[in-house]
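Inspection log for the structure reproduced underneath, given as structure tokens.
4 protein chains.
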Amino acid sequence: MPPDAARRSDRSRRAILVAALELVEALGYSKLTIEAVAARAGVGKQTIYRWWPSKGPLLFDALVELGPVGHDSPPSGDLAADLKRELRLAVGELAERRFDQVCRVLVHESRTDLVTLLLMPRRMVVEDRLRSAQRLGDVRPDVDVSAAAELLLGSLYQRWLLRTAPLTEDFTDAVVDLVLRALSDRP
Amino acid sequence: MPPDAARRSDRSRRAILVAALELVEALGYSKLTIEAVAARAGVGKQTIYRWWPSKGPLLFDALVELGPVGHDSPPSGDLAADLKRELRLAVGELAERRFDQVCRVLVHESRTDLVTLLLMPRRMVVEDRLRSAQRLGDVRPDVDVSAAAELLLGSLYQRWLLRTAPLTEDFTDAVVDLVLRALSDRP
Amino acid sequence: MPPDAARRSDRSRRAILVAALELVEALGYSKLTIEAVAARAGVGKQTIYRWWPSKGPLLFDALVELGPVGHDSPPSGDLAADLKRELRLAVGELAERRFDQVCRVLVHESRTDLVTLLLMPRRMVVEDRLRSAQRLGDVRPDVDVSAAAELLLGSLYQRWLLRTAPLTEDFTDAVVDLVLRALSDRP
Amino acid sequence: MPPDAARRSDRSRRAILVAALELVEALGYSKLTIEAVAARAGVGKQTIYRWWPSKGPLLFDALVELGPVGHDSPPSGDLAADLKRELRLAVGELAERRFDQVCRVLVHESRTDLVTLLLMPRRMVVEDRLRSAQRLGDVRPDVDVSAAAELLLGSLYQRWLLRTAPLTEDFTDAVVDLVLRALSDRP
DNA sequence: CGGTAACCGAGACGGTACGTCAAGTCTTAAC
DNA sequence: GTTAAGACTTGACGTACCGTCTCGGTTACCG
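Chains D, L, B and E are the protein sequences, given in the same order. Mapped onto UniProt numbering, the consecutive letters of the first sequence carry residue numbers 1 to 187. Mapped onto UniProt numbering, the consecutive letters of the second sequence carry residue numbers 1 to 187. Mapped onto UniProt numbering, the consecutive letters of the third sequence carry residue numbers 1 to 187. Mapped onto UniProt numbering, the consecutive letters of the fourth sequence carry residue numbers 1 to 187.
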């Protein structure tokens, strides 16, 4: 018989999520233990195991609930400027330690669904912006917008994950410039 | 007193690396234990701890020694074709389960050095090819070749890590076509 | 605030006692859990904790209410025969699985009061019979009747508890014969 | 693969047995936990589980190794005196808290073998003494010596287990006197 | 060529955390 | 307004591995 979500103690739930986030920030993911989360949250281990199967989903919930929130800004008329701003936001988000820690592990565990949930919103914003630019003729009509979005965010995520080089704003700007050249008729 | 590499038993060393690779393939990284490696290799645990500090480096050595080998082919005159071939090779490599498992965890543990060592060779090949194309005028002289290489491989690695979509050869071809347009004068 | 016995649900009370007895018979004492009793009785755990402090008293009540009942028979004139019959009855009682289980644990927990309540009646019968025999001269007047009763039942209970040997009727008969010799003038 | 007794650490073994005995004396059996024993002995839990399956056998070993030792005295010519001394020794032994606690639980768990091992020696001494008295004619030749021993020790053990009355030396003396009367020709 | 120093297999050791179980307490919805 | 249901904190369970250690035994270098 599954636990009865209606009876769930919200106080415990929030204490657990907060504790998990604090600890993952302090210790990193692999040194984080369920026992420590329970202790810091002032909660029985069973209360964690009742509602989450393991560390991964727990941290995912913690991040979704208490994590960084997107700051949507209205698009200006300048495609390059808009994309540059968007990529800088993404970079800033990735730099937050708790977000970084949790996302890395979700990537590692191949939790596609969760990754998608956390990273996709950024991508959707980029794609939307590209599509509207395409309607205005700033982007050639034969361009695959979703591939273009992947091109923009891909190099960024790669540097984040692989740490091959620092994630500077100069870099993201350069990526935007380079990709936009591929998308437009104008040289 | 540091271990004396001269006396090292090569039989044991190889048995350990083989066992590690077999087990990581069968169980995945996180369920792989040193004890299991020792047992399967018919080796004392101490013999592993004597030569490797932890799972990560052990698997790294195993991969480097027994892992996939690059198949270098001479560049043809066709830049697009060369890049497409190169990216397909990279994709094939990433698809190998043992390589995949180990690389993911190295990424996760932020072992930059190791990641670099495993993934960089591919990138160097791409960069070299772009540079020679730049000399021949197929790529504009103001293009940052290493940024371009990152653009090419970035989206590929991203799909691999995030599993946002299947890593098909159609996709890699499309990426090459899109990026090359950004790099060349010709429309 | 103590529970209000007047409001007590007799249906629940009986269901609990029955469930307890069934389960102790099936599982033995140590594997019996309050949770299982509550579940089988279709009762909340609190309803058990409201009325009983722990497993021991609960089972004691169960036994007292639903347990074996004594079959009193009138004394005949033959002391030896009467005692032999009485000891056989006691042995039969001890052999009942649920009685055995519960009594053993009460002994273990040193619940003197409960032990007394359960085992004393048998002893009283024996003492009464010996006392009347003493009045008739079948037992020497200087004999301590309660010590004699202890002698008779002691070896019996010892075999039961320690399982040093099977509890046969031959054995109880032999005990009676042996003890009676100590109690009477006649050789 | 069973543990290799040759490699066993005697220091740990003794520390565990000592800790177990101290704790059972302080807390009683049911509140004694393996975790507490391990902690007090400065030992990993696994080291206990490696060598003992559960609390019972562990405490049994502790008692056998560190428990009360029998003080054998040579029989005098006086049967009654010898038996009285022997029963007093038995009573003294049962009064030791750690012995009491452990024996009670062994009785409860029906560990016949262990009970036998701990309690039988006393009984053997009694039987031997009775047998030699039988050879000398102090005990009638038709008496079942082992039944007689049970009579002597049975009431004693019963009082111990059931706590029906205090285990005084007056009581054990009275038992001896009463039983001896049953065993001898002389009134 | 015999001694000795390192490696080797094995596995016991003190630990940490696991995930489970039941105890006994507290809360809630329904009857 | 007591009950059933069940979530809660607590704490021990027994297991799995960790990384260290000690044990004989077996090489393989060195005097």
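We put the CB at the ideal spot given by N, CA and C, even for glycine. Since this is a predicted model, take the numbers as computed values, not measurements.
Residues within the segment 153-174 of chain D neighbouring chain L, beta-carbon criterion of under 9 Å:
Leu153, Gly154, Ser155, Leu156, Tyr157, Gln158, Arg159, Leu161, Leu162, Arg163, Thr164, Ala165, Phe171, Ala174
Please report the distance separating the alpha-carbon of E/Val179 from that of E/Glu109.
31 Å
Exposure of L/Ser54, with buried meaning 16 or more beta-carbon neighbours within 10 Å:
exposed
Report buried or exposed for B/Tyr49, applying the criterion of at least 16 other Cβ atoms within 10 angstroms of its Cβ.
exposed
Using the Cα positions of L/Arg98 and L/Ala62, report the straight-line distance between them to the nearest angstrom.
10 Å
Just the C-alpha distance for L/Gly28 and L/Gln46, rounded to the nearest angstrom, thanks.
23 Å
Output needed for E/Pro75: all residues of its chain with C-beta closer than 8 Å, excluding positions within five of it in sequence on either side, in chain order.
Asp82, Arg129, Ser132
Whole alpha helix (DSSP H) elements within the segment 18-54 of chain L, 4-residue minimum:
34-41, 45-51
Look at the alpha carbon of B/Met120 and the alpha carbon of B/Asp144, and state the distance between them as a whole number of angstroms.
17 Å
According to the Cβ coordinates, are E/Ala147 and B/Ala174 closer than 8 Å?
yes
C-beta neighbour in chain L for D/Thr116, strict 8 Å
yes
Taking a cut of 7 Å between CB atoms, which residues from the segment 70-90 of chain E lie near chain B?
none
Close beta carbons around B/Leu66, own chain, < 8 Å, minus the five adjacent residues each side
Leu17, Val18, Leu21
If you count every other CB in all the chains shown that lies within 10 Å of the CB of B/Leu23, and 16 or more means buried, which is it?
buried
Determine, for B/Leu178, whether the minimum Cβ-Cβ distance to residues of chain E falls below 8 Å.
yes
Give the single residue among E/Asp177, E/Ala182, E/Thr172, E/Phe171 whose Cα lies nearest to the Cα of B/Val176.
E/Ala182
Quick check: what's the CA-CA separation for D/Gln134 versus L/Ser155?
21 Å
Residue span of the alpha helix (DSSP H) that contains E/Val175, given as start and end
169-183
Once you ignore the five residues that flank D/Ala6 on each side, which residues in its own chain have a CB closer than 8 Å to its CB?
none
D/Ser12 at chain L interface by Cβ criterion, 8 Å:
no
Classification of D/Asp142 by the beta-carbon crowding that lies within 10 angstroms, buried from 16 upward:
exposed
CA-CA distance, D/Val64 and D/Cys103?
11 Å
Mark B/Lys31 as exposed unless 16 or more other C-beta atoms lie within 10 angstroms of its C-beta, in which case mark it buried.
exposed
How would you list, in chain order, the residues of chain B whose beta-carbon sits under 7 Å from the beta-carbon of E/Asp142?
In chain order: nothing, as chain B lies at least about 11 Å away.
Taking residue 264 of chain D as the query, report the chain L residues whose CB atoms sit under 8 Å from its CB, ordered along the chain.
The structure shown does not extend to residue 264 of chain D, since chain D is modelled only from 1 to 187, so the question has no answer here.
Taking Cβ positions, are B/Val126 and B/Glu86 nearer each other than 8 Å?
yes
What separation, rounded to the nearest whole angstrom, lies between the Cα atoms of L/Ala39 and D/Met124?
49 Å
In chain E, what lies closer than 9 Å to B/Ala95 by C-beta?
Those do not exist, as B/Ala95 stays about 14 Å from chain E at its closest Cβ, beyond 9 Å.
Put E/Pro75 into one of helix, strand or coil per three-state DSSP.
coil
Quick one: what does DSSP say B/Pro121 is sitting in, helix, strand or coil?
helix
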